[in-house]
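Step one of this worksheet: look at the structure below.
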Amino acid sequence: MKFQASKGTYDVMPDQVHLWQHIESVIREQSRIYGFKEIRTPVFEDTALFVKGTGDTTDIVQKEMYTFTDKGQRSITLRPEGTPPVLRALIEHNTLKEQPCAKVFYLAPMFRYERPQAGRMRQHTQFGAEVLGSHSPLADVEAISLLFFTLQKLGLGGLSLRLNSLGCAQCRPPYRQKLTDHFKPMLPELCDNCQDRYNRNPLRILDCKIDQAKFKDVPEMKDFLCGDCKTHFQAVQDRLKDIEIPFTLDKNLVRGLDYYTRTAFEVISQHLGAQDALGGGGRYDGLMEDLGGSPAPGVGFGSGLERYVLALKNQGVNLPPEKRPDVYIATLGDEAVKKGSLLCSQLRQKGLACEQELLGRSLKAQMREAGRLNARYVALIGEDEIRKGLVTLKDMDQHQQAEVAFDELVVNVPKYCQCE
RNA sequence: GUGGAUGUAGUUCAGCUGGUUAGAACGUCGGAUUGUGGAUCCGAAGGCCGGGGGUUCGAAUCCCCUCAUCCACCCCA
């Protein structure tokens, strides 16, 4: 039996970790600048939270959830998306009663049972953010701009933002009716999938790539938007223009989740394959109430870090260099090994990143190792050094070395090692 | 869930229509330099050729099954 990572999961090995840490630190810093506080919720929740929040007509709930029964006979689900748990937590902790508006972000693993492919994993990591309590178009722009500028800050290029308005509880039902009326006569001509969508959520038919050609004279949401929705949508667009976020209107952008109202958006990258959305989101003015909280509007997004990584690699972005070890301690002989291990410990106490030989290899091999690790200095201790009570300190960049008294080196490290 | 492609040293890959001890590059280890890295040269280690079954005198190579990975559909981040 040879074990391997489960289907759709992967390991981030040590040589890749700095890329992830870089992305995560940019995300945290951007979130701070935009005034979003981090929130951490459990990896699993009561299954009903997603059935109710995400929506039982969605693919996520219908076929993609990791659901199991625990020993207490509770139905538990590994979270497939971040928004319902976040709202649950805000409701549970009465956050909006203490403050009228809350802005939170999360950076956490999500789980969906899907067939893996480029940019789609069963366990993936999402950066998401939510603005709760505000109807203002500015709230929409807060979410969109955090997403967009964070991607930009990371050096992701070839971005485009697509925008649409799905209307509200007042104006969407009539539109939905109009849409079903429109599709009814042509239903037999539509693909199997769309026939299914017709019953589940007719708006999603607009997303279909196969039948696009038949959609020429389909009624459009924009002609049905109520006055408030129209004003809101226009204001979102105006504010985006003010802050110079380019976007295109996409009347077919529907989003797969049931809870969206008004604004829906998506950021896609040219540098990705079929799964080209770096992030997407929208407004969900009814969701707080659906989940048992006091009515409150909200808007947010989710975005996939695996796709950031893919896109960054595909476009060949270079990253800030990894931190190098300050000192590599090379030793020859038993006494030297003991002395070296003491030096290593003392230098570490002083805050230097130190490595020592653990395999007892030849000096040549130790030097090669130091080179491979890109150590700034090598502290060499052999029999000569032991006899004289000193250390040969080699500057690996300058190819120079000098002898320094052991005690002097430990006491006065900065004088000898110019370390960042 | 559907379709296509691919599984050979640690890694990336050769291996033609089946024919002896399965190769290269990079990496690793050692040596040239008995105590000094990245370059160069020399050498070594390292493979149940994804797994199982079948055809054959003979299978990495052909057939079947299976598993896995990748890509795409679907859907989404």
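Going by our numbering, the first sequence opens with residue 1046, and the numbers climb by one from there. Yeah, the Cβ is synthetic: ideal placement off N, Cα and C, and Gly gets one too.
Simplified DSSP assignment, three categories, for residue i
| i | result |
| --- | --- |
| HIS1180 | coil |
| GLU1126 | coil |
| ALA1200 | The question names Ala, but residue 1200 in the sequence shown is Gly. Three-state DSSP puts GLY1200 in coil, outside helix and strand. |
| ILE1121 | strand |
| CYS1399 | strand |
| HIS1067 | helix |
| THR1086 | coil |
| GLU1137 | helix |
| HIS1444 | coil |
| ARG1073 | helix |
| LEU1438 | strand |
| LEU1298 | coil |
| ASP1091 | strand |
| ALA1410 | helix |
| VAL1263 | coil |
| LEU1211 | coil |
| PHE1194 | helix |
| GLN1171 | strand |
| LEU1132 | helix |
| VAL1057 | coil |
| ARG1160 | coil |
| LEU1364 | coil |
Residue range of the beta strand (DSSP E) that includes residue i
| i | result |
| --- | --- |
| MET1155 | 1147 to 1156 |
| THR1114 | 1111 to 1114 |
| ARG1294 | Per the sequence presented here, residue 1294 reads as Leu, with Arg not at that position. That run of the beta strand (DSSP E) goes 1292 to 1294. |
| SER1314 | 1306 to 1314 |
| GLN1240 | Unbroken run through GLN1240 is the alpha helix (DSSP H), 1237 to 1245; no beta strand (DSSP E). |
| LEU1323 | 1322 to 1328 |
Cβ neighbour criterion (16 or more within 10 Å) applied to residue i
| i | result |
| --- | --- |
| PRO1247 | buried |
| MET1467 | Since the first residue shown for the chain is 1046 and the last is 1465, residue 1467 is missing from the structure and cannot be characterised. |
| THR1276 | exposed |
| LEU1294 | exposed |
| ILE1105 | buried |
| GLY1117 | exposed |
| LEU1232 | exposed |
| HIS1316 | buried |
| SER1120 | exposed |
| GLY1325 | buried |
| ASN1209 | buried |
| LYS1107 | The sequence shown places Gln at residue 1107, not Lys. GLN1107 comes out exposed. |
| ARG1432 | exposed |
| GLU1187 | buried |
| PHE1310 | buried |
| ILE1250 | buried |
| HIS1470 | Residue 1470 lies beyond the stretch modelled for the chain, which goes from 1046 to 1465, so this question has no answer here. |
| ASP1115 | exposed |
| ILE1136 | buried |
Top-ranked residue by Cα proximity to residue i, from the options
| i | options | result |
| --- | --- | --- |
| GLY1476 | GLN1446, TYR1422, CYS1213 and GLN1320 | One cannot answer for residue 1476 here, as it falls past the ends of the chain, which runs 1046 to 1465. |
| GLY1173 | GLU1083, VAL1362 and VAL1449 | GLU1083 |
| LEU1183 | ALA1163, PHE1113 and ALA1280 | ALA1280 |
| TYR1305 | GLU1175, GLY1361 and PRO1365 | GLU1175 |
| CYS1253 | GLY1385, GLU1069, GLN1240 and PHE1193 | GLN1240 |
| ALA1319 | THR1102, VAL1458 and ALA1356 | ALA1356 |
| ILE1426 | PHE1194, GLY1343 and ALA1381 | ALA1381 |
| GLY1396 | LEU1336, PHE1113, SER1190 and CYS1462 | CYS1462 |
| LEU1323 | LEU1192, ASP1371 and ASP1115 | LEU1192 |
| THR1102 | ALA1341, ARG1300 and VAL1344 | ARG1300 |
| VAL1131 | GLY1338, GLY1405, MET1441 and GLN1443 | GLY1338 |
| LEU1141 | GLY1343, ASP1371 and LEU1387 | GLY1343 |
| ARG1284 | SER1181, LYS1358, GLU1265 and GLU1159 | SER1181 |
| LYS1296 | PHE1278, LEU1332 and GLN1445 | PHE1278 |
| TYR1079 | LYS1052, ALA1147, PRO1366 and MET1155 | ALA1147 |
| THR1122 | ILE1136, TYR1158, GLN1144 and ARG1221 | TYR1158 |
| ASN1211 | GLY1178, ASP1268 and PRO1230 | Checking the displayed sequence, the identity of residue 1211 turns out to be Leu instead of Asn. Of the candidates GLY1178, ASP1268 and PRO1230, the one whose C-alpha sits nearest the C-alpha of LEU1211 is ASP1268. |
Residue interval of the alpha helix (DSSP H) (run including residue i)
| i | result |
| --- | --- |
| TYR1353 | 1350 to 1360 |
| ARG1393 | 1379 to 1394 |
| GLY1272 | 1272 to 1287 |
| ALA1424 | Segment 1422 to 1426 is the beta strand (DSSP E) holding ALA1424; no alpha helix (DSSP H) there. |
| THR1103 | THR1103 -> no alpha helix (DSSP H), and no H or E assigned at all. |
| ASP1335 | 1332 to 1335 |
| THR1225 | 1217 to 1228 |
| VAL1372 | Not the alpha helix (DSSP H): VAL1372 falls in the beta strand (DSSP E), residues 1372 to 1376. |
| VAL1455 | 1451 to 1456 |
Cβ-heavy atom distance, residue i to the ligand SAM, below 6 Å
| i | result |
| --- | --- |
| SER1070 | For the ligand SAM, the structure offers nothing, since it holds no ligand at all. |
Pairs of beta-carbons, one from the region 1145 to 1152 and one from the region 1123 to 1137, closer than 8 Å: are there three or more?
yes
May I ask you to verify whether the region 1385 to 1396 touches the region 1452 to 1461, counting CB pairs closer than 8 Å and requiring at least 3?
yes
Can you find at least 3 beta carbon pairs, one from the region 1163 to 1173 and one from the region 1365 to 1377, that sit closer than 8 Å?
no
Do the region 1433 to 1445 and the region 1399 to 1408 make contact, defined as three or more Cβ pairs closer than 8 Å?
no
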